[in-house]
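All letters in the sequence shown, in the order written, are residues 407 to 537 by my numbering.
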Amino acid sequence: MERATQMDKVIFRTHLLRALEEIQRRDQLQYEEIYLLIDPVHEPGTSLNGADEMMRLVVLAPDNVAHRQFTVDEAVNLLCWHAPLVPLWIDVSLAASERKKAVFQLRCSLRLRKPTQLFHAETGHAPFRIV
């Protein structure tokens, strides 16, 4: 897959939904509602620039994201606050599934990068990786 050269909320949302659809197919899930848990990950040994620090201290501060379930649109708005810069990588996994509701966990890098630098380009939905 080619590296992404553009990123905005629409593209980011499309990539997120593709990743969620992969999990849905893999696990044969049936749901009508999607909720997302956002889990910022501190990466020891990496340095953060000014935008990264803003992400850590304000956008993804524990008071904003801990124990909170986001809709897809809420998560996209939060993670794309500085588009075209978005988290360098996001690991996506199923956290819980009930009758009509699925909850996915997004483990996010705090480092914001431009589209050409995003990890997991080979998936076709960078920066998302299914785990």
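No residue lacks a Cβ here, since even glycine has one placed at the ideal position from N, Cα and C.
Query                                                                                                                : Result
Residues bridged to histidine 488 (per DSSP)                                                                         : Leu491
Leucine 426 versus leucine 463 - alpha carbon distance                                                               : 28 Å
Backbone CA spacing between lysine 507 and leucine 484 [nearest angstrom]                                            : 21 Å
Arginine 431 classed as buried or exposed, judged by whether at least 16 other C-beta atoms fall within 10 angstroms : exposed
Stretch pair the stretch 470-483 + the stretch 526-534: three plus CB contacts closer than 8 Å                       : no
Contacting residues, own chain, Cβ-Cβ under 8 Å from proline 490 (five flanking each side not counted)               : Gln412, Met413, Asp414, Lys520 and Pro521
Neighbour-count burial assignment, serine 453, 16 or more Cβ in a 10 Å radius                                        : exposed
Residue range of the beta strand (DSSP E) that includes proline 446                                                  : 439-447
Buried or exposed (CB count within 10 angstroms, at least 16 for buried), proline 468                                : exposed
Spatial distance of leucine 500 from asparagine 455 (CA atoms)                                                       : 31 Å
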